[in-house]
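Below is one structure; the comments refer to it alone.
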Amino acid sequence: MQREDQVRRPPRQGPRPRLRRRLHRPLRHRRHPRGRLPRAAPRLRHGQGPELRPRRPRRAAARARPLPARDTLTTKDEIRAEAERRGLAVAKKPDSHDICFIADGDTRGFLAGRLGTAEGDILDEAGEKVGTHEGAYGYTIGQRKGLRIGTPAPDGKPRYVLDISPVDNTVTVGPAAALDVTGLTAIRPRWCGTPPEGSGRYTAQLRAHGEETPVTAEVREGELTVTFDEPVRGVAPGQAVVLYDGSRVVGSATIAATRRAGAVPAA
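Sequential numbering of the sequence shown, starting at 232, is according to my numbering.
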């Protein structure tokens, strides 16, 4: 008599044996007709991954080609016209004049919500009070709109912000001609190499995308004094001035005060 563990049982027929045989067969595919297994993908480290390049339609690829701005397009209107011809949505996008992280563009309201209101006087060039404001931080040099001045200018022409004084919380306004800056004084200069000695001729840049202008510059008692060959506008304390000698950067400094011909100096 045989024990139960010595009885030979017939092999089971069903889906499991066939499935097992299928799993052990070599991979056969139209790309691998001889049953060769495909090469294993390389092991990637954490943070790595395959480079995905989604396909773009030919029309979209044609629109994505860079504009030949350096060669043929020189003005903003020409660039906008070329963008509109290519069907780009930014062709009619308005220019940005505000801070990027203020979505609604209300810079004055953004600062008022964090600094509060501080009422002060708006003065003309003679020191006469012509209006009031709710915070000197809401104004910029050269600003024309939003001044809310009740008294018009004697000549009837628009007034512009000439000076902002946070110390006494006053804003000085005047005619457009008073915005012409003939020179400036800058502090905390930083030099790319040996500091220059004596007076020298350079070109100065006052904005990130502004043009260079010829100047005469000299270092006096640790401060940089700059005189412009031709008056410039839109210069305010706190901005940076960068000096160039040809294509070489000489140095830079922070504007502390400006000089205007026949006007109250801004400081």
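Each residue gets a CB set at the ideal place from its N, CA and C atoms; glycine is no exception.
ask   = For D176, which residues from the same chain have a beta carbon less than 8 angstroms from its beta carbon, with the 5 sequence-adjacent residues on both sides left out?
value = Only positions 232 to 498 of the chain appear in this structure, which leaves residue 176 out of reach.
L346 burial status per 10 Å Cβ neighbour count (16 or more: buried) = Flag for L346 reads exposed.
key: Three or more C-beta pairs below 8 angstroms linking the segment 400-415 and the segment 349-357   = These segments touch.
- Task: Leaving out five residues on either side along the sequence, give the residues of the same chain with a beta carbon under 6 angstroms from the beta carbon of R252.
- Result: Low per-residue confidence applies at R252: pLDDT is 48, beneath 50, and the placement is therefore not dependable enough to give any value.
Distance CB(P464)-CB(T413) smaller than 8 angstroms: The sequence as given places Arg at residue 464; Pro does not occur at that position. Not in contact: R464 and T413 (Cβ atoms no closer than 8 angstroms).
Can you name, in chain order, every residue of its own chain whose Cβ lies under 6 angstroms from the Cβ of A384, other than the five neighbours on each side?
-> R390
Exercise for review: For the segment 413-452, list the beta strand (DSSP E) runs that are entirely contained and at least 3 residues long, ordered along the chain.
Suggested key: 431-436, 444-451
Q) Can you tell me where the beta strand (DSSP E) with F459 in it begins and where it stops? A) 454-463
If you compare alpha carbons, which of A439, A322, V481, T489 is closest to A417?
T489
### Message
I need the DSSP call for R252, collapsed to helix, strand or coil.
### Response
In this prediction, R252 has a pLDDT of 48, which is less than 50 and means its spatial position is unreliable; what the coordinates show is noted afterwards. Helix at R252.
Which residues share a DSSP beta bridge with K360?
L354
- Query: Where does I372 sit, in a helix, a strand or coil, going by DSSP?
  - Reply: coil
TODO: Assign I486 to buried or exposed, taking buried as 16 or more other Cβ atoms, counted over all protein chains shown, within 10 Å of its Cβ.
DONE: buried
According to DSSP, simplified to helix, strand and coil, what is G405?
strand
Identify the continuous beta strand (DSSP E) that holds T489 and give its terminal residues. 479-491
Taking just the CA atoms, how far does G362 sit from R379? 7 angstroms
- Strand pairing of I395, partner residues [DSSP]: V402
Open item on the list: Quick check on A484: buried or exposed, where buried means 16 or more other Cβ atoms within 10 Å of its Cβ?
Closed with: buried
Contact set for D411: own chain, Cβ-Cβ below 7 angstroms, skip 5 residues either direction:
P462, R464, R491, A492
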